[in-house]
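Report on the following structure.
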Amino acid sequence: MYRIRDLREDHDMTQKELSAKLGVSVVAISHWENYQTDISGETLLKLSDIFSVSVDEILGKKAPGPKVMYKEIDNIYQFIISKLESLSSSELLRIQGAADNILMNRNNNSTQPVTSRPEDRVNRKAN
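Read left to right, the sequence shown gives residues 32 to 158 (the numbering used here).
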């Protein structure tokens with residue numbers, strides 16, 4: 032069971048857009064999505080690259096990860112970038128320190144206090 036339709040729709044892509052990327056007809060895309068014809072190994076690899084998923088996931092052999100909303104992620108990314116552009120160097124360093132600290136605490140399941148100041152992290156590591 033191919034997951035081409037799901038992946039294409041998750042990427043807000045039309046059959047025509049996908050057919051152009053693959054160099055095949057829209058009819059071929061439709062046949063694959065409706066399980067009327069098989070897909071070549073070469074095409075599966077191209078689809079894997081286009082959708083950034085494994086061939087197993089395209090074939091439905093691997094459970095898909097959480098549904099990713101690419102447009103929403105892009106909108107959030109653009110929002111964050113627009114806000115970051117207005118910050119000073121010291122404010123950007125504080126944000127970087129906070130992000131590093133959050134990731135460090137998450138990875139270590141640490142119970143140490145969270146701080147967003149890089150100099151506090153350095154001092155804490157020295158203790």
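Virtual Cβ for every residue (Gly too), placed ideally from N, Cα, C.
- Residue 39 sits in a helix when the DSSP states are folded into three classes.
- Here the alpha carbons of residue 115 and residue 74 stand approximately 40 Å from one another.
- Excluding its 5 nearest sequence neighbours in each direction, residue 84 has C-beta neighbours in its own chain below 7 Å: 38, listed in chain order.
- Taking 4 residues as the shortest admissible run, the segment 34-119 contains the following complete alpha helix (DSSP H) segments, listed from N- to C-terminal end: 35-41, 46-53, 57-64, 72-82, 86-89, 101-115.
- A distance of 7 Å or more separates the beta carbons of residue 108 and residue 42.
- By the CB criterion at 7 Å, residue 89 and residue 34 fall inside the cutoff.
- Contact between residue 60 and residue 49 is confirmed by a C-beta separation of about 6 Å, below the 8 Å threshold.
- The straight-line gap separating the alpha-carbon atoms of residue 127 and residue 117 is approximately 15 Å.
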